[in-house]
Amino acid sequence: MQQQAADVLLATQTALSQASALAVQYSFSVLGAVILLVLGWTLAGFASRWAYEGLSRVHGIDETLARFFTNVLRYALLILVFITVLGQFGVQTASIIAALGAAGLAIGLALQGTLQNIAAGIMLLILRPFRVGEYIETSSVAGTVREIGLFATELRTADGLYRLAPNSTLWNTPITNFSREATRQNEVKIKVAYEDDLDQAMEKLMGLAKGDARVLTSPAPSVFIDSLGDSAIFVTLRYWAKTGDWWSLSRDMVKRVKLAFDEKDSPATLSDASDATPTRKSNGRAAAEKPAPTRQ
818 MQQQAADVLL ATQTALSQAS ALAVQYSFSV LGAVILLVLG WTLAGFASRW
868 AYEGLSRVHG IDETLARFFT NVLRYALLIL VFITVLGQFG VQTASIIAAL
918 GAAGLAIGLA LQGTLQNIAA GIMLLILRPF RVGEYIETSS VAGTVREIGL
968 FATELRTADG LYRLAPNSTL WNTPITNFSR EATRQNEVKI KVAYEDDLDQ
1018 AMEKLMGLAK GDARVLTSPA PSVFIDSLGD SAIFVTLRYW AKTGDWWSLS
1068 RDMVKRVKLA FDEKDSPATL SDASDATPTR KSNGRAAAEK PAPTRQ
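Just so we're aligned: 1059 in this note's numbering is position 242 of the sequence shown, and the numbers increase by one with no gaps anywhere.
This is the structure in structure tokens:
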């Protein structure tokens, strides 16, 4: 009986000594883990703020892009700290890293379309083919850019509608930016009959261009014979204007040309009125009549 009591006492003392040894051992591990978590959290916050301030000073880096990169850096540091803390307790971190890699691959495959939009959004923010306030046109969408996000771009159409375009659709198609350049070219083409005074008609067109202060003097406006038709001569007035003035000037110029050649003392009349309406062109190509707001 006494021997059994002694064995129980000895086992109890052994268990208590082992428990105290484990407590001492893991108390240092817990203390180290807490210190690592605090230092890691502080370091991640400091590094993200430092990266954000540095990226904000870089010309051409968008606010959205700067915040995205700083958040990626912060969470990457936190994950690294978490794995290091687990290593303090003897956990095999290699298996954890492998599991995270497999999970990341699975998530990437599941969100393939979303990741394409994010990648396209990053490229759009870096290369900046358009900015907020500019009017753009692609094969599938057109409008004034209101916001460029990582997933999609918000636009306002010419007729006042809201449109949300995934970034991948914008990145994978040619983009025409009507607002990027400071100046734009425009053309007004008319048809003059062979029996009319061609030289005076060309001088009249040039006078209309030079009489409007919105028409730029450099490059200077020009009037030339575009081609010869069966019953009339095609004459073109080409001029340049500031992008902000292009929309209103193109309409005013067409009206002024029409009224000028309708006057009684006009040296020529617009030939073949059924199809002689002046057409507008920009940069040598038929331009879509889109508003061209200035940059914001």
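Every residue gets a Cβ at the ideal spot worked out from N, C-alpha and C, and that includes glycine.
Compare the Cα-Cα distances from residue i to each of the options and report the closest residue.
i: Thr974; options: Phe968, Ile992, Ile953 and Asn994; result: Ile953
i: Met1019; options: Leu1066, Ile1050 and Ser957; result: Ile1050
i: Ser1035; options: Phe947, Lys1059, Ser865 and Asp1079; result: Lys1059
i: Phe885; options: Met940, Leu1076, Ser957 and Val962; result: Met940
i: Glu1004; options: Arg997, Trp1064 and Gly904; result: Trp1064
i: Ser957; options: Leu978, Leu944, Thr990 and Thr970; result: Thr990
i: Gly1046; options: Tyr1011, Asp1069, Arg1068 and Lys1075; result: Tyr1011
i: Leu981; options: Ala959, Glu998 and Ser996; result: Ala959
i: Tyr979; options: Thr961, Leu856 and Ile992; result: Thr961
i: Val949; options: Thr955, Ser996 and Gly977; result: Ser996
i: Val902; options: Lys1072, Gly918, Arg1068 and Leu854; result: Leu854
Is DSSP giving residue i helix, strand or coil here?
i: Phe947; result: coil
i: Arg884; result: helix
i: Leu1054; result: strand
i: Arg980; result: strand
i: Val898; result: helix
i: Ala1049; result: strand
i: Val875; result: coil
Using a Cβ-Cβ cut-off of 6 Å (strictly less than) and excluding sequence neighbours within five positions of residue i, which residues of its own chain qualify?
i: Ala937; result: Asn984, Ser985 and Trp988
i: Leu882; result: Leu942
i: Arg1031; result: Ala1058, Asp1062 and Leu1066
i: Asp1079; result: none
i: Ala861; result: Arg891, Leu894 and Leu895
i: Asp1092; result: Since pLDDT at Asp1092 reaches only 46, below the 50 mark, its modelled position is unreliable, and the value read off the structure follows with that caveat. Within the same chain, Asp1092 has no close Cβ partners at all.
If residue i sits next to residue j, beta carbons under 8 Å apart, how far is it from one beta carbon to the other, in whole angstroms?
i: Ala868; j: Leu890; result: 5 Å
i: Asn994; j: Glu951; result: 6 Å
i: Thr955; j: Ile900; result: The Cβ separation is near 44 Å, so there is no contact.
What are the boundary residues of the alpha helix (DSSP H) that residue i is part of?
i: Arg1073; result: Thr1060 to Asp1079
i: Thr986; result: Asn984 to Trp988
List the endpoints of the continuous beta strand (DSSP E) containing residue i.
i: Thr1000; result: Thr1000 to Ala1010
i: Asp1013; result: Unbroken run through Asp1013: none, as it is neither H nor E.
i: Ser1039; result: Ser1039 to Leu1045
i: Ile992; result: Neither: Ile992 is in no beta strand (DSSP E) and is coded neither H nor E.
i: Arg973; result: Ala969 to Arg973
i: Ala959; result: Ala959 to Ile965
Kindly list the residues whose CB is nearer than 8 Å to the CB of residue i, restricted to its own chain and excluding five residues on each side of it in sequence; keep chain order.
i: Val1052; result: Lys1006, Ile1007, Lys1008, Val1009, Leu1015, Ala1018, Met1019, Leu1022, Val1040, Phe1041, Ile1042 and Asp1043
i: Gly1024; result: none
i: Glu866; result: The sequence shown places Arg at residue 866, rather than the Glu named in the question. Contacts found: Thr887.
i: Trp858; result: Leu895 and Val898
i: Ala864; result: Leu890, Arg891 and Leu894
i: Pro1038; result: Met1023, Ala1026, Lys1027, Val1032, Leu1054, Arg1055, Tyr1056 and Trp1057
i: Val1074; result: Val1005, Ile1007, Leu1022, Leu1025, Leu1054 and Pro1095
I'd like the list of long-range same chain contacts for residue i, defined as Cβ closer than 7 Å, with 5 residues on each side in sequence excluded.
i: Ile935; result: Leu967 and Phe968
Within the 8 Å Cβ cut-off, does residue i reach chain B?
i: Ser956; result: Note that chain B does not occur in the displayed structure, where there is just one protein chain.
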